[in-house]
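Numbering (this note's numbering), first residue to last: 1 to 160.
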């Protein structure tokens with residue numbers, strides 16, 4: 001091997017090592033990043049998960065990286081996006097909260113037919129599904145431009 005080739009391969013080897021170091025980083029340095037999506041498991045939430053699976057919810061929904069994609073909303077992060085009361089109300093009367101929901105019996109199961117205990121278990125499971133910033137399931141706060149509507153537009157025009 002000629003001197004120029006040795007220099008070329010030496011530089012290539014150094015660049016490769018530097019790139020690997022940049023990607024992998026030194027062992028034990030820093031703290032691990034928190035998971036983007038996680039679950040606050042309680043015994044009730046675990047029972048709710050078993051009910052979720054037994055009712056076939058994962059045939060349309062995806063949660064915990066399992067289930068169908070694109071058929072119905074991904075449920076990871078529901079406990080971050082929704083309050084426990086909202087989830088309870090949804091499982092009691094879905095159409096009142098979400099116009100056009102499939103859970104009125106038209107496509108999905110009619111939650112109104114579930115017993116009170118089953119609704120509590122599903123609520124506990126959904127509320128246990130959390131997301132951290134950086135997750136696609138993390139809610140983005142709306143921009144606060146003030147209340148929308150014709151009354152506000154009139155008030156703003158009068159202030160100009």
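Backbone N, C-alpha and C define an ideal beta-carbon position, used for all residues, glycine too.
Does DSSP classify residue i as helix, strand or coil?
i	result
residue 89	helix
residue 129	strand
residue 10	helix
residue 67	strand
residue 62	strand
In chain order, what residues of the same chain lie with their CB nearer than 6 Å to the CB of residue i, ignoring the 5 residues before and after it?
i	result
residue 22	none
residue 132	34, 36
residue 80	130, 131
residue 102	108
residue 119	91
Within the continuous beta strand (DSSP E) that includes residue i, where are the two ends?
i	result
residue 228	The first residue shown for the chain is 1 and the last is 160, placing residue 228 beyond what the model contains.
May I ask which residues mark the beginning and end of the alpha helix (DSSP H) holding residue i?
i	result
residue 138	Per DSSP, residue 138 belongs to no alpha helix (DSSP H) and is neither H nor E.
residue 39	Element bounds for residue 39: not the alpha helix (DSSP H) but the beta strand (DSSP E), 37-39.
residue 53	43-54
residue 94	94-97
residue 80	78-81
Would you tell me roughly how many angstroms separate the C-alpha atoms of residue i and residue j, rounded to the nearest one?
i	j	result
residue 98	residue 64	23 Å
residue 89	residue 129	17 Å
residue 91	residue 31	39 Å
residue 78	residue 49	13 Å
residue 221	residue 12	The structure shown does not extend to residue 221, since the chain spans only 1 to 160, so no value can be given for it.
residue 85	residue 53	22 Å
residue 105	residue 18	58 Å
residue 96	residue 20	54 Å
residue 7	residue 67	53 Å
residue 5	residue 16	16 Å
residue 163	residue 127	Any property of residue 163 remains undetermined from this structure, which presents the chain solely from 1 to 160.
How would you label residue i, buried or exposed, when you count the other beta carbons within 10 angstroms and need 16 or more for buried?
i	result
residue 45	buried
residue 94	buried
residue 125	buried
residue 9	exposed
residue 110	exposed
residue 82	buried
residue 75	buried
residue 116	exposed
residue 51	buried
Ordered along the chain, which non-local residues of its own chain (more than five positions away) have a Cβ less than 8 Å from that of residue i?
i	result
residue 69	62
Which same chain residues, not among the five before or five after residue i, have their C-beta less than 7 Å away from its C-beta?
i	result
residue 47	121
residue 139	80, 81
residue 135	36, 37, 77
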